[in-house]
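The structure appears below as C-alpha cells.
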Amino acid sequence: MAGAPYIELPGGVDVINPFDNPTAYDTITLAGVESPGIARIGDVKRNWEWDVKAGRGASGGVTTFVGRKPAQFSVRFETWLREHFVAWKSFIQLFKYDAKLIRVNLDTGGVSGIKAVNIYHPSLSDLDITACTTESIGGWVHEGRGLWVRTVEFLEYLPPPPLPAISTPAGATDVNTAFPVNGKITEMENQKADLNNQIMDLNKTL
C-alpha cells in the first residue's frame, strides 16, 4: 500500500482514499498474507456498551459507559481463476484451528492453542479493528460464469484493558475532545478573558 493516497483527519488518523485508490478495498491482509481474488467486507459496526438506568416517574435516565464490544463482521471472498484456488489451499489455514493443539486448564479455565491473527482492510482499520478470530468458514458456492464465492465470519480480538473504563457522562458539550483544540484559538480566548477582567476592574474604580 506504499504511496497510496490518504485522507488526513484531525488527530492524526489516516484513511486510504477509495476514490483515488479503489483497489485498496478489494482485498484483506491476514497475518501478512493478501487474500486471493476479491474480498468484500460485509456490514461492520463499532459498538459501545451502555448501561441505561431509567428515572422513576420522570423522563430520561442515567447512561453509564460499560465498554467497547468486540466487533463481528463477515468477508465474502470471490475467486474466478485457477491461481486463486491454488493460493486458497494455504490461505484457508489462517482461519482454521487444530483441535489437537487446543488445551484447557481445568484449574483456571484458560484455553491455549488458539491465537488471533492480525487483519487489515481500510474499512476495518477505520474502526480500529486490527486483529480477529474465526467464527465460521463457509464452503465454496458457484454463482455462475466461473465465479466461486465463500463467506468467512470473524470476531474481533479485543482483550479487556488492565483497568475498567466505566464512566457516566457529566454533561454535553459542543467541543470535540477527541481532537486537540487549536492552540491559537485557545490563546485568543485567554487574551479575551484577560481584557474582560481588566475592563471590569476599571469600571470598579470609576
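Position in the sequence shown (from 1) plus 2 gives the number in this note's numbering. No residue lacks a Cβ here, since even glycine has one placed at the ideal position from N, Cα and C.
Query - Beta-carbon proximity of G63 to G57, cut-off 7 Å - result: The sequence position of residue 63 within the sequence shown is 61, counting from 1. The sequence position of residue 57 within the sequence shown is 55, counting from 1. Yes, these two residues count as a Cβ contact at 7 Å.
Query raised in the report: Is there contact between the region 115-131 and the region 24-34, where contact requires at least three CB pairs shorter than 8 Å?
Result: yes
**Report entry** DSSP bridge partner residues for G69 (one or two, in chain order)
**Finding:** The sequence position of residue 69 within the sequence shown is 67, counting from 1. Beta-bridge pairing links G69 to E51.
Requested in this report: Take the Cβ of H144 as the centre, count every other Cβ of all protein chains shown within 10 Å, and call the residue buried at 16 or more, exposed below.
Outcome: In the sequence shown, the residue the question calls residue 144 occupies position 142. Per the 10 Å Cβ criterion, exposed.
Query raised in the report: Cβ of P210 within 7 Å of Cβ of A26?
Result: The chain is shown only over 3 to 208; residue 210 falls outside these bounds and no answer can be derived.
Query raised in the report: Less than 7 Å separating the beta-carbons of V46 and F75?
Result: If you number the sequence shown from 1, residue 46 lands on position 44. If you number the sequence shown from 1, residue 75 lands on position 73. Yes; because the gap between Cβ atoms is below 7 Å, this pair is in contact.
**Report entry** Anticipated Cβ contact below 8 Å, T132 with L157, distance rounded
**Finding:** Taking the sequence shown and counting its residues from 1, the one referred to as residue 132 is at position 130. Taking the sequence shown and counting its residues from 1, the one referred to as residue 157 is at position 155. At roughly 13 Å, the Cβ-Cβ gap does not stay under 8 Å, so T132 and L157 are not in contact.
Query raised in the report: What does I121 pair with, by DSSP beta-bridge criteria?
Result: To locate residue 121, count along the sequence shown from 1; it is residue 119. DSSP lists L32 as partners of I121.
Query raised in the report: How big is the Cα-Cα spacing for V17 and I43?
Result: Numbered from 1 along the sequence shown, position 15 holds the residue referred to as residue 17. Numbered from 1 along the sequence shown, position 41 holds the residue referred to as residue 43. Cα to Cα, V17 sits roughly 16 Å from I43.
Query raised in the report: In three-state DSSP terms, what is A133?
Result: Sequence index remark: in the sequence shown, residue 133 carries index 131 (1-based). A133 falls in the strand class under three-state DSSP.
Requested in this report: Could you tell me the boundaries of the alpha helix (DSSP H) in which W87 lies?
Outcome: On the sequence shown, residue 87 is found 85 positions in, with the first residue counted as 1. According to the sequence shown, residue 87 is Phe rather than Trp. Start and end: 84-93.
Query raised in the report: Quick one: what's got a C-beta closer than 8 Å to P72's C-beta in the same chain, skipping five residues either side?
Result: In the sequence shown, residue 72 corresponds to position 70, counting from 1. So the qualifying residues of the chain are L157, E158, Y159, L160.
Query raised in the report: Using a Cβ-Cβ cut-off of 8 Å (strictly less than) and excluding sequence neighbours within five positions of L96, which residues of its own chain qualify?
Result: As a position in the sequence shown, residue 96 is number 94, starting the count at 1. Taken in chain order, the residues that qualify are L32, A33, V35, V119.
Query - Coarse secondary structure for L157, derived from DSSP in three states - result: Within the sequence shown, the letter at position 155 stands for residue 157. Correct three-state label for L157: strand.
Query raised in the report: From F79 to E51, what does the alpha carbon distance come to, in whole angstroms?
Result: Here residue 79 is taken as the residue at index 77 of the sequence shown, counted from 1. Here residue 51 is taken as the residue at index 49 of the sequence shown, counted from 1. If I take the Cα positions, the gap works out to 30 Å.
Report task. Taking W142 as the reference, give the member of I94, D100, L126, Y99 with the closest Cα. Result -> Reading the sequence shown from its first residue, position 140 is the one you call residue 142. When each option's Cα is compared against that of W142, the closest is I94.
Query raised in the report: Closest to I40 by CA distance: which of N49, K102, H86 is it?
Result: To locate residue 40, count along the sequence shown from 1; it is residue 38. Out of N49, K102, H86, H86 has the C-alpha closest to the C-alpha of I40.
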